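Residue numbers (this note's numbering), protein chains in the order written: chain A, 1 to 596; chain B, 1001 to 1075. All residues carry an ideal CB built from backbone N, CA and C; glycine is no exception. Please read these numbers as outputs of a predicted model, since none were measured by experiment.
See below:
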């Protein structure tokens, strides 16, 4: 019976791993089929085959082009069903290949000469998104140092903005930051000059709230947010942040949100475990920064409050183009210049630009736009410290998801619930633990205990605590953050005994000292003499056995041992030792009497 | 009013800004208008000033410190 259980759990894990393999995903679309006849066939033999084809399947094959005669390359209209039928028919003896005639699309590659240096745009998958939309008829407000109309913004549409620093209509830039940010969102594109922008048919609303030094007051920022919402902007980008929680700013954001505006903000550049304000507020999409390899940029904030990640760049001496390249002004001379900059300031406008693309295909409502952005992001596995939020921004996936007529309402509501912000003291990352494997491990530990039920006090609290501690820990605490405090205590409480080794530094790998029979052995040795704690020790030993079996089946990644059969063997061996130890200890403990 | 000891550094965030980094690794962003004599890389200083929670910036490297006065420390 025990062996049956082990085999069953193992098969379950294997099926899980295989069915989730991305190689099984759809590989393209086609509505015709290519026939490549053997070179040694004569024209009359081929004619005969074509006639049979036409009689049997009612389809006519023709040469692909004037040059296809020599290769005997024919195409005919048909779908996957016809393809399968042809591959099974006698025809296959006369051909070298019967293949789907996959459609390849020319990508929308802009002619801007420095587009090749914009690794950031390719990394968010922008080209296929441009096939669908370029952000037409959406207004994006850029709340920043102002925007100067540099040559590469000449074809970009503007609406009336305002300068809240100097109280005037002209919101030109005297710092260079705002113009750069605006460039990422809507740099004039396909204009044979400079670089490209994400939603280059959208309209920009310049709102200057930061001085030439790059700082400004929450009063001005709050006013600018309300101005944007009242003047028809439907996306706001704020590449700015601070450390003070103010009522005036939160109210302004809630006002804009309730008027249907998507608010995006930078998570901050202090490499700390919490988004800055205003990114931290509930109705703001908070963006952390990636470098050109897709890893967290060294300066980027992470953890509590981070919703999604996007390219922010990282400039190092050997690679100045690791930054985000846009045209802006030189603050000293006011002249236009192409410069790479880095920061979550550069990451936020990527998300604001894609939000504009989403709105231009008809999905306007801010909560739905946030849902689409996060649901379509490329998920980063094992993101224990929440460097990436929902994942890496993906423009094409976002636009495609937004175009689907009916979003799955159930998914949407689950997402709303999982992203529940309760208040500014704490925050919950709903995606941090996969619930099913954890529940499976707890159930598995109970199953192991059930085999030994003759020796165990099944209703005992000590035993139950041991089973949970060993198998899953208080796993729901893993995604729990208190703003501005380290998250490690929650990761430790949220870890099972085998996971403790990686919990402090947030590593997803199992440490072989912790994921083994070692700790259960010590617990039993120390606690077997105690009337209450002995059941905790037995329970945690069985719990560890269940956790190790589950890990071997689903995710056997062990430090120094890799993720292959070596790791799997190590985990299963230790699971066996734990179960053996647990049953010996249970027998010994029960002969000492049920005192729990 | 707070007193902070640390080293002046140039930060590459945003269009560039000045930072005061303490020996514990806490970074403050120096608010605009600080004396020019203070803004020199690797200067060891003791700064008296105020944290401006009502200010937001493009650099976002840490709390914004408005300098009221400062003293040079021996390197």
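When burial is assigned at 16 or more other CB atoms within 10 Å of the CB, is residue i buried or exposed?
i, result
"residue 40 of chain A", "exposed"
"residue 102 of chain A", "exposed"
"residue 175 of chain A", "buried"
"residue 166 of chain A", "exposed"
"residue 1036 of chain B", "exposed"
"residue 61 of chain A", "buried"
"residue 280 of chain A", "buried"
"residue 316 of chain A", "exposed"
"residue 1046 of chain B", "exposed"
"residue 574 of chain A", "buried"
"residue 363 of chain A", "buried"
"residue 581 of chain A", "buried"
"residue 522 of chain A", "exposed"
Should residue i and residue j be called a contact, given that it needs their Cβ atoms to be closer than 8 Å?
i, j, result
"residue 600 of chain A", "residue 391 of chain A", "Shown here, chain A extends from 1 to 596; a query on residue 600 of chain A therefore has no answer."
"residue 202 of chain A", "residue 139 of chain A", "yes"
"residue 327 of chain A", "residue 150 of chain A", "yes"
"residue 152 of chain A", "residue 123 of chain A", "no"
"residue 33 of chain A", "residue 83 of chain A", "yes"
"residue 325 of chain A", "residue 114 of chain A", "yes"
"residue 177 of chain A", "residue 300 of chain A", "no"
"residue 531 of chain A", "residue 496 of chain A", "no"
"residue 285 of chain A", "residue 373 of chain A", "yes"
"residue 1057 of chain B", "residue 1029 of chain B", "yes"
"residue 351 of chain A", "residue 290 of chain A", "no"
"residue 506 of chain A", "residue 1054 of chain B", "no"
"residue 515 of chain A", "residue 558 of chain A", "yes"
"residue 544 of chain A", "residue 498 of chain A", "yes"
"residue 211 of chain A", "residue 331 of chain A", "no"
"residue 539 of chain A", "residue 467 of chain A", "yes"
"residue 143 of chain A", "residue 248 of chain A", "no"
"residue 162 of chain A", "residue 154 of chain A", "no"
Tell me the DSSP secondary structure of residue i in three-state form.
i, result
"residue 273 of chain A", "strand"
"residue 348 of chain A", "helix"
"residue 595 of chain A", "Because the pLDDT of residue 595 of chain A is 44, which lies under 50, any placement of that residue in the model is unreliable, and the number read from its coordinates should be weighed accordingly. Three-state result, residue 595 of chain A: coil."
"residue 251 of chain A", "helix"
"residue 580 of chain A", "helix"
"residue 574 of chain A", "helix"
"residue 550 of chain A", "helix"
"residue 27 of chain A", "Note that residue 27 of chain A scores 46 on pLDDT, short of 50, meaning its location in the model is unreliable and no value can be drawn from it."
"residue 542 of chain A", "helix"
"residue 1022 of chain B", "coil"
"residue 237 of chain A", "strand"
"residue 491 of chain A", "helix"
"residue 585 of chain A", "helix"
"residue 309 of chain A", "strand"
"residue 1028 of chain B", "strand"
"residue 135 of chain A", "coil"
"residue 278 of chain A", "coil"
"residue 1005 of chain B", "strand"
"residue 1044 of chain B", "strand"
"residue 486 of chain A", "coil"
"residue 217 of chain A", "strand"
"residue 509 of chain A", "coil"
"residue 1055 of chain B", "strand"
"residue 560 of chain A", "coil"
At what residues does the beta strand (DSSP E) containing residue i begin and finish?
i, result
"residue 366 of chain A", "Premise fails: residue 366 of chain A lies in the alpha helix (DSSP H), 366-375, not in any beta strand (DSSP E)."
"residue 1039 of chain B", "Unbroken run through residue 1039 of chain B: none, as it is neither H nor E."
"residue 36 of chain A", "32-37"
"residue 264 of chain A", "262-266"
"residue 144 of chain A", "139-144"
"residue 77 of chain A", "73-77"
"residue 336 of chain A", "336-341"
With respect to the alpha helix (DSSP H) encompassing residue i, which residues constitute its N-terminal and C-terminal limits?
i, result
"residue 437 of chain A", "435-451"
"residue 87 of chain A", "80-88"
"residue 519 of chain A", "518-527"
"residue 531 of chain A", "Taken as a continuous stretch (DSSP letters only), residue 531 of chain A belongs to no alpha helix (DSSP H), as it is neither H nor E."
"residue 627 of chain A", "An answer regarding residue 627 of chain A cannot be provided, because it is not within the stretch 1 to 596 covered by chain A."
"residue 206 of chain A", "It is not in any alpha helix (DSSP H) - residue 206 of chain A instead sits in the beta strand (DSSP E) that spans 203-208."
>> Would you call the stretch 561-571 of chain A in contact with the stretch 1002-1009 of chain B, where contact means no fewer than 3 C-beta pairs closer than 8 Å?
In response: no
> Using 8 Å as the threshold, is the stretch 1012-1020 of chain B in touch with the stretch 1059-1071 of chain B, meaning 3 or more CB pairs across them?
Replying inline: yes
>> Count Cβ pairs between the stretch 228-247 of chain A and the stretch 190-198 of chain A that sit closer than 8 Å; are there 3 or more?
In response: no
>> Three Cβ pairs or more, each shorter than 8 Å: is that satisfied between the stretch 204-215 of chain A and the stretch 155-170 of chain A?
In response: yes
> Are at least three pairs of beta-carbons, each pair with one atom in the stretch 139-148 of chain A and one in the stretch 309-323 of chain A, less than 8 Å apart?
Replying inline: no
> Taking one C-beta from the stretch 470-487 of chain A and one from the stretch 260-277 of chain A each time, how about it: are there three or more such pairs within less than 8 Å?
Replying inline: yes
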